[in-house]
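Participant: Pasting a structure below so you can have a look.
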Amino acid sequence: MRGMRSGAVNRVLLALAGLVLFVLGGSVLAVGLGSPSPSWWPHSGRRDVLLSRAERTAWRDQDWWWPALIALLAILFLIGLWWLVSVLRRRRLSEILVDSGDGTGALVRGGALESALADDAARRPGVAGADARLSGRRTSPALRAGLRLEPDASPATALADFAAHPLGAARDSTGIETLPTEVRLRKVRHKADRVS
37 MRGMRSGAVN
47 RVLLALAGLV
57 LFVLGGSVLA
67 VGLGSPSPSW
77 WPHSGRRDVL
87 LSRAERTAWR
97 DQDWWWPALI
107 ALLAILFLIG
117 LWWLVSVLRR
127 RRLSEILVDS
137 GDGTGALVRG
147 GALESALADD
157 AARRPGVAGA
167 DARLSGRRTS
177 PALRAGLRLE
187 PDASPATALA
197 DFAAHPLGAA
207 RDSTGIETLP
217 TEVRLRKVRH
227 KADRVS
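Written out as structure tokens, the structure is:
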């Protein structure tokens, strides 16, 4: 769920940045090609420069100007770098290397294993829904699962059932001896019964 939220935020921020740059760039291009400038446009005509000599040198004599400008640009650079690293860093494990016994190994898609685990867990008694997420390295994965329990389900029973059946089946089918797992349990709220 968090990955979906951050992906949506990234898309919205990129779309807004693209729209602002498109409008500004299109406006500069249109005015540069000779179309009349809008009333809010800061420059007077086609031959006007973006920053005049007076605008470029207005703050040169102030002691605070260059350190403030450099600090602002450094902060913007660090924010952009942090955003780029957070977008490029993979949080999910895309594939798992499984020992096939012949020395070459086989690759299992992480998304397929996550989906199979979540589907199997959701079919267990007392479980209303489930999700699974693999992380770590492809030779030593780790699992983070979430179980949404029915209001009358026992958490201890649901956890033991998850460890025995879906998790055991995943270990058996992939040949992974140890799969460190963190399971979060939540109760599903139920609506009150109406009496008429």
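Throughout, the working numbering is defined as the position within the sequence shown, counted from one, plus 36. Note that beta-carbon positions come from the ideal geometry of N, C-alpha and C, so glycine has one too. Owing to the predicted nature of the structure, the values given are computational and were not obtained by experimental measurement.
1. Indicate whether the contact test is met: 3 or more Cβ pairs, each with one atom in the segment 139 to 147 and one in the segment 181 to 188, closer than 8 Å.
2. Can you have a look at Leu124 and say buried or exposed, based on whether 16 or more other CB atoms are within 10 angstroms of its CB?
3. Beta carbon of Asp219, beta carbon of Leu170: below 8 Å?
4. Between which two residues does the alpha helix (DSSP H) harbouring Pro191 extend?
5. Look at the Cβ atom of Val224, then the Cβ atom of Ala166, and state whether they are nearer than 8 Å.
6. Could you spell out the range, first to last residue, of the alpha helix (DSSP H) harbouring Leu179?
7. With Leu233 as the anchor, note down where its alpha helix (DSSP H) starts and where it stops.
8. Are Ala107 and Leu153 close, meaning C-beta to C-beta below 8 Å?
9. Is Pro202 closer than 8 Å to Ile132 when the C-beta atoms are compared?
10. Sort Val134, Ser63, Val56, Phe198 by Cα distance to Gly211 and report the nearest one.
11. Based on Cα-Cα distance, which residue from Ser130, Thr140, Pro161 lies nearest to Ala148?
12. Express the C-alpha separation of Arg96 and Leu117 in angstroms, rounding to a whole number.
13. What did DSSP end up calling Leu170 once you bin it into helix, strand or coil?
14. Do Trp77 and Val67 count as a contact pair if the criterion is CB distance below 8 Å?
15. Measure the beta-carbon distance from Leu179 to Leu221 and round it to whole angstroms, keeping in mind my assumption that it falls under 8 Å.
16. Over the uninterrupted beta strand (DSSP E) stretch that includes Leu133, give me the two end residues.
17. Beta-carbon within less than 6 Å of Ala53's beta-carbon, same chain only, minus the 5 sequence neighbours each way: which residues are those?
Facilitator: Reading from the atomic positions:
1. no
2. Residue numbering aside, residue 124 sits at position 88 when the sequence shown is read from its first letter. Under this definition Leu124 is an exposed residue.
3. By 1-based counting over the sequence shown, the position of residue 219 is 183. By 1-based counting over the sequence shown, the position of residue 170 is 134. Residue identity differs from the one stated: residue 219 is Val in this sequence, not Asp. It is not a contact, given that the beta carbons lie outside the stated cut-off.
4. Along the sequence shown, one-based indexing puts residue 191 at 155. 191 to 200 is the extent of the alpha helix (DSSP H) around Pro191.
5. For the purposes of this step, residue 224 is identified with residue 188 of the sequence shown, where counting begins at 1. For the purposes of this step, residue 166 is identified with residue 130 of the sequence shown, where counting begins at 1. For Val224 and Ala166, no; Cβs fall outside 8 Å.
6. Here residue 179 is taken as the residue at index 143 of the sequence shown, counted from 1. Premise fails: Leu179 lies in the beta strand (DSSP E), 177 to 185, not in any alpha helix (DSSP H).
7. Absent from the structure is residue 233, since the part of the chain shown begins at 37 and ends at 232.
8. Counting from one through the sequence shown, the residue named residue 107 turns up at place 71. Counting from one through the sequence shown, the residue named residue 153 turns up at place 117. Against a cut-off of 8 Å, the Cβ pair of Leu153 and Ala107 comes out as no contact.
9. Translated into the one-based positions of the sequence shown, residue 132 becomes position 96. Translated into the one-based positions of the sequence shown, residue 202 becomes position 166. No, Cβ-Cβ distance for Ile132 and Pro202 is not below 8 Å.
10. The count along the sequence shown starts at 1 and reaches residue 211 at position 175. Per the Cα distances, Val134.
11. By 1-based counting over the sequence shown, the position of residue 148 is 112. Out of Ser130, Thr140, Pro161, Ser130 has the C-alpha closest to the C-alpha of Ala148.
12. If you number the sequence shown from 1, residue 117 lands on position 81. If you number the sequence shown from 1, residue 96 lands on position 60. Straight-line Cα distance between these residues: approximately 29 Å.
13. For the purposes of this step, residue 170 is identified with residue 134 of the sequence shown, where counting begins at 1. Strand, per DSSP.
14. One-based indexing of the sequence shown puts residue 67 at position 31. One-based indexing of the sequence shown puts residue 77 at position 41. Yes; because the gap between Cβ atoms is below 8 Å, this pair is in contact.
15. As a first step, residue 179 must be located in the sequence shown, where it is residue number 143. As a first step, residue 221 must be located in the sequence shown, where it is residue number 185. That pair is no contact at about 15 Å.
16. Within the sequence shown, numbered from 1, the residue matching residue 133 stands at position 97. 131 to 134 is the span of the beta strand (DSSP E), which, as asked, contains Leu133.
17. Against the sequence shown, residue 53 aligns to sequence position 17. Nothing meets the Cβ criterion.
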